Structure formats: structure tokens, C-alpha cells
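Numbers given in this note's numbering equal positions in the sequence shown, counted from 1, plus 10. Even for Gly, the Cβ is constructed at its ideal location relative to N, Cα and C. Remember, it's a predicted structure, so these values are computed and weren't measured experimentally. Here is the structure we will look at.
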Amino acid sequence: MEKNVLKIGELASRTGLTVRALHHYDSIGLLTPSARADSGYRLYNRTDVARLHRIQALRKFGMSLADIATFLDSEDAPFADIVTQQIDALDKQIEQASALRGHLARLQQQMAGDDDPALEDWLDALEQMKLYEQYFTPEELRRLPFWQQEARRNARWRAMVGEAQAMRARGVTADSEEARRLSQRWMESLEHDTGANPEFAWRMSAMLESEELAGRRTVVPVEIKEYIGEAFNAHKMALYAKYLNEEEMRHLRANSRKQVNEWLKLFMRLHQHMQQGVPPEHPSSQALAQEWMVLFRARAGDSEHVQARIRHAHDNEPELLRGTWVTPAIIAYIRQAVAACSAA
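Here it is as C-alpha cells:
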């Protein structure tokens, strides 16, 4: 029997617990030794040690001694469920630690750079960390340039906002060449900072809109967004004017900024289709092509000649696609899908 049992001192030594702790477990009925030696020493057998193993495991899970006693004394105690819960908790801790490491790595890179971001830029970065995490998964944030630059990004955007505000203060109209150049740079930066992914752009737009509705300060004031939007539209209209007459341009100008959200949602779904490898001939792709044509006709009109010239403009003016989340690959994909609709 002596070979199959441990005295309290031996058990304490083997497990790293104190004799006092084991005495306490005994006094509260949590771990009572199964036998005693003739000399009165407590003796712990295999069953006692197995119970102690569970006690220690549950202690690491954060359970109180009282809860552990209740749990172990219940019939069919689901110990495996507790282990699963702890694994899930550890996964979350690992994820949080990974996110923290990412924050620190970016901070290290920024501190090692030539330009030291201003205090306001650091504060903006800190304020936005939690906000971004509400709209993007950790994996998505790792692929999002907007997230990877934080303070330096804020400094760059603050500079562009300052340029736009100064232009408005000087009375520079949105259709001026100066404003159009800034809008092109602005939109190309935005496209880059969202990883050229229209879904990321959509979620960022929703995030900022939510912040505005809540009355919280955002990096870009509403009036500046509107100013840049008008200037960017004017920039594109100037390019289209090379291919259309004045009457055709009047129709295009009147309809160019309508259904902006519908277009972005369509770009988002097309991007997802292409990422998933769905062929243009697939019925779902053809459905997207039909939506594209409805929006295209609403914008360009029903004239096939005008539509053809707008397509020609897209082929010859690369700037028309920059800052729009629409790539030549998406244009080619949608044209194949439209052709498949016509052949069906």
C-alpha cells in the first residue's frame, strides 16, 4: 500500500503546493485523503491525486475553490467542456497579444522613421484603434494599409484636409484645376489605403458615417468630403468631355453622382466574385452584369453610341479608373459577363 500512496509532504513536494495549502483543501472538504497511516499521517492515493490534478487545472481556469468543489461533486462533471472553454479563452488571449504586438511593431517603425508624427496624430491613432477593430477582423486589418500606417497616415490625411480647407477659404471652386488635382491625389490615396478593396472602402465609409451620426469628431469634416467629391467628379467630367459633345455631357453631369452607393456595392460584389474565382459566364456573374448595365444606362443614357464612346474613354483614359476601386481587370470581367448575357 505504501508504494501506491503519498504522504502529504511528498505530495506537496511533487506538485509544488505547500503542506498548508493541502491542509486547507482537506479542511474545506475539497481534497480529503482517502487513508491515514497508523502514525496518523494523511495518505493520498491515485484517485486523490487525479482529483488534485483537476482542482489545479480548474484553479488555472479562474474558478474559485467553492465553485470547484461544487463542480467536482456534481455527477458527470463536464470537465472536457471546461477544457474547451479554456482553449477558447487562450485563443482570444493569443489574438489580443498578437494585435498588441502589431501595434507595438508599427509604433517601433514609426519611431524609427525620419519624420516624427505630431501629438495630435498619435492621439488620433489611439482613438481609432478600437474603432477599426469593431469593423474589421484581425486578418483584414493586417491586409489594410490604412491600419498599417496609423499616426503617419493621419499626418498625411491631415495635410490633405488642410489643403482642401485652405482652398475653400480662398474661394477655389471644386471644378478648378487645383481642386481637381487634389481630389485625384486624395482618391488614389484612399484607394491605396483601403487595399484597393471596395468592401473595405464600404465598411470604412459606414464606420465614419456612424461616428458622424454619434457626434464624434472625424479626421475628415463632412464639408471637405463633399468638396473633394465634387472636385473628383469634375476631374472625371473633364476627361469624358474629350469624347462627348456638350448635350451628352449635360446628361452625364446631371447623373454622374447619382447612385454612388449602389455603384460601390456593385464593385464590392464584383470584387468578391473575382476573388472567389467565379467565372464571368456564371449566372450570378451575369446577374451582376445586368445590374451594371442598369446603372450604366441611368448614368450614360440609352444611346448605344454614347455608351460606346464612354467605354472608349475608359480604354484610353487610365485616370478615369484611378481612385474608383475599379481596375481594368474588373472592366474586362464585366464585359465578358455582359457578353455572356447577350449570348444566353
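Would residue i count as contacting chain C if we go by Cβ distances under 8 Å?
| i | result |
| --- | --- |
| A297 | The displayed structure is made up of one protein chain only, and chain C is not part of it. |
Does the beta-carbon distance from residue i to residue j come in below 8 Å?
| i | j | result |
| --- | --- | --- |
| I65 | L40 | yes |
| L274 | L298 | no |
| V316 | A310 | yes |
| E209 | H281 | yes |
| L330 | A323 | yes |
| T57 | S37 | no |
| A60 | L53 | no |
| A184 | Y250 | no |
| Q286 | A350 | no |
| R319 | L254 | yes |
| G333 | Q175 | no |
| V182 | V230 | no |
| P290 | Y343 | yes |
Between which two residues does the alpha helix (DSSP H) carrying residue i extend?
| i | result |
| --- | --- |
| L262 | E256 to N265 |
| L53 | Note, L53: premise wrong, no alpha helix (DSSP H); beta strand (DSSP E) at R52 to Y54. |
| I340 | P338 to A353 |
| A318 | E314 to N326 |
| H292 | Looking at the DSSP string, H292 is not in any alpha helix (DSSP H), and its letter there is neither H nor E. |
| E233 | V232 to Y250 |
| R30 | V29 to S37 |
| Y288 | The sequence given here has Val at residue 288, not Tyr. First-last for V288: undefined, no H or E at that position. |
| E198 | E187 to D203 |
| A76 | L75 to D83 |
Relative to the C-alpha of residue i, which residue among the options is closest?
| i | options | result |
| --- | --- | --- |
| A189 | L262, A248, Y54 and I78 | A248 |
| L192 | I340, F242, A310 and V288 | F242 |
| R267 | K246, G287, E291 and Q346 | K246 |
| N55 | A67, F81, L16 and I38 | L16 |
| K252 | E236, N265, K235 and E327 | E327 |
| M278 | N265, S220 and R213 | R213 |
| H63 | W196, I78, D325 and H34 | I78 |
| S186 | G72, A244 and G50 | A244 |
| Y51 | S74, L21 and L27 | L21 |
| V371 | H202, R168 and G181 | Only positions 11 to 354 of the chain appear in the structure, and residue 371 is not among them; the question remains open. |
| M197 | W167, E219 and R180 | W167 |
| E272 | E301, A264 and N14 | E301 |
| S215 | S313, A76, V270 and I341 | V270 |
| K70 | H34, T28, T80 and I97 | I97 |
| E258 | T25, L68, H34 and E314 | E314 |
| H261 | A211, D312 and T25 | D312 |
| A169 | N207, R180 and S199 | S199 |
| R178 | M73, K235, A76 and E256 | K235 |
| H283 | N207, R263 and R180 | N207 |
In the DSSP assignment, what are the bridge partners of residue i?
| i | result |
| --- | --- |
| L16 | Y54 |
| A45 | L53 |
Any heavy atom of the ligand NAP inside 7 Å of the beta-carbon of residue i?
| i | result |
| --- | --- |
| A244 | As for the ligand NAP, it is missing from this structure, which has no ligand bound. |
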